[in-house]
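Undergrad: Residue numbering for the sequence shown is 94 to 261, as defined by this note's numbering.
C-beta atoms are modelled at their ideal positions from N, C-alpha and C, and glycine is treated no differently.
The structure presented is a predicted model; accordingly, all values stated were derived computationally and were not measured.
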Amino acid sequence: WEQRKLGEIATIVGGGTPSTDNDAYWDGDIDWYSPAELGERVYADRSVRRITQAGYDSCSATLLPAGKTILFTSRAGIGNTAILRRSACTNQGFQSLVVNDDTDVYFVYSMADRIKKFAEQNASGSTFLEISGKGLAAGEFAFPSKNEQTAIGSMFKQLDALITLHQR
94 WEQRKLGEIA TIVGGGTPST DNDAYWDGDI DWYSPAELGE RVYADRSVRR ITQAGYDSCS
154 ATLLPAGKTI LFTSRAGIGN TAILRRSACT NQGFQSLVVN DDTDVYFVYS MADRIKKFAE
214 QNASGSTFLE ISGKGLAAGE FAFPSKNEQT AIGSMFKQLD ALITLHQR
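(1) Shortest alpha-carbon distance to aspartate 150 belongs to which of Ala235, Ile105, Thr110 and Arg168?
(2) Would you identify the three-state DSSP class for phenylalanine 234, choosing helix, strand or coil?
(3) Give me, in chain order, the residues of the same chain whose beta-carbon lies closer than 7 Å to that of glycine 228; leave out the 5 immediate sequence neighbours on both sides.
(4) Does DSSP classify lysine 161 as helix, strand or coil?
(5) I'd like to know whether the C-beta atoms of serine 203 and glycine 246 end up nearer to each other than 8 Å.
(6) With valine 201 as the anchor, note down where its alpha helix (DSSP H) starts and where it stops.
(7) By DSSP's criteria, leucine 190 is part of a beta bridge. Which residues make up the other side?
(8) Please say whether glycine 232 and aspartate 249 have beta carbons closer to each other than 8 Å?
(9) Along the alpha helix (DSSP H) that carries isoleucine 256, what are the first and last residues, could you check?
(10) Provide the residue span of the beta strand (DSSP E) that contains glycine 170, from first to last.
(11) Using a 10 Å radius around the Cβ and a threshold of 16 neighbouring Cβ atoms, would you call glycine 108 buried or exposed?
(12) In the DSSP assignment, the beta strand (DSSP E) including glycine 121 goes from what residue to what residue?
(13) From alanine 129 to isoleucine 171, what distance separates their C-alpha atoms?
(14) Please identify the residue among Ser153, Leu99, Glu133 and Ala103 whose C-alpha is closest to the C-alpha of tryptophan 125.
This is the structure in structure tokens:
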């Protein structure tokens, strides 16, 4: 295993919010997540609110790719996570991880507790604590080879599926 910074294995992407005063920006087809939507679920399938293309173009939101992105809340409730199943964007309460091709998304998701602990310890702010994208990218963690990541990630994925099955 090798010590690597999160910024080396993933691109850290913040979010943005279109003006809520402009109705033309809302009720579109682009999923747009807020931190309150993340909870116990492993996957993010559909957001509560959606924005239009005009809304997307008007703000600093970035369209995050499905299957490669871990949504990560960066303020007030730091470290809530979900794997994105559909391309989407977020508000500025996120610093999401878009993993590189040589990194297994589910392996990184299985590290969520350690990443959360790092983020909480390195957050700053007077009104509320927040971890910046730069701060999150600096976090160092041990990473195995891609093959080992895939094997470990697959095991956690099966475990999550089994837990979900028994909760029904």
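TA: Straight from the coordinates:
(1) Within the sequence shown, numbered from 1, the residue matching residue 150 stands at position 57. Answer by Cα proximity: Thr110.
(2) Along the sequence shown, one-based indexing puts residue 234 at 141. Correct three-state label for phenylalanine 234: strand.
(3) Within the sequence shown, the letter at position 135 stands for residue 228. So the qualifying residues of the chain are Asn215.
(4) Against the sequence shown, residue 161 aligns to sequence position 68. Looking at lysine 161 - three-state DSSP - the assignment turns out to be coil, as it is neither helix nor strand.
(5) Counting from 1 along the sequence shown, the entry for residue 203 is found at position 110. Counting from 1 along the sequence shown, the entry for residue 246 is found at position 153. The answer is yes: Cβ separation under 8 Å.
(6) Along the sequence shown, one-based indexing puts residue 201 at 108. That run of the alpha helix (DSSP H) goes 198–203.
(7) Position 97 of the sequence shown, counting from 1, holds the residue named residue 190. DSSP lists Ile105 and Ile163 as partners of leucine 190.
(8) Residue numbering aside, residue 249 sits at position 156 when the sequence shown is read from its first letter. Residue numbering aside, residue 232 sits at position 139 when the sequence shown is read from its first letter. Note on identity: in this sequence residue 249 is phenylalanine, with aspartate being the wrong assignment. Against a cut-off of 8 Å, the Cβ pair of glycine 232 and phenylalanine 249 comes out as no contact.
(9) On the sequence shown, position 163 is the one that residue 256 refers to. Taken as a continuous stretch (DSSP letters only), the alpha helix (DSSP H) holding isoleucine 256 covers 239–260.
(10) Position 77 of the sequence shown holds residue 170. Counting along the chain, glycine 170 falls outside any beta strand (DSSP E), and DSSP gives it neither H nor E.
(11) For the purposes of this step, residue 108 is taken as the residue at position 15 of the sequence shown. The residue is buried, with at least 16 neighbouring Cβ atoms inside 10 Å.
(12) Against the sequence shown, residue 121 aligns to sequence position 28. Here the beta strand (DSSP E) through glycine 121 covers 119–126.
(13) As a working mapping, residue 129 is identified with position 36 in the sequence shown. As a working mapping, residue 171 is identified with position 78 in the sequence shown. Going from the Cα of alanine 129 to the Cα of isoleucine 171 covers about 11 Å.
(14) Position 32 of the sequence shown, counted from the start, is the residue given in the question as residue 125. Considering only alpha carbons, the answer is Ser153.
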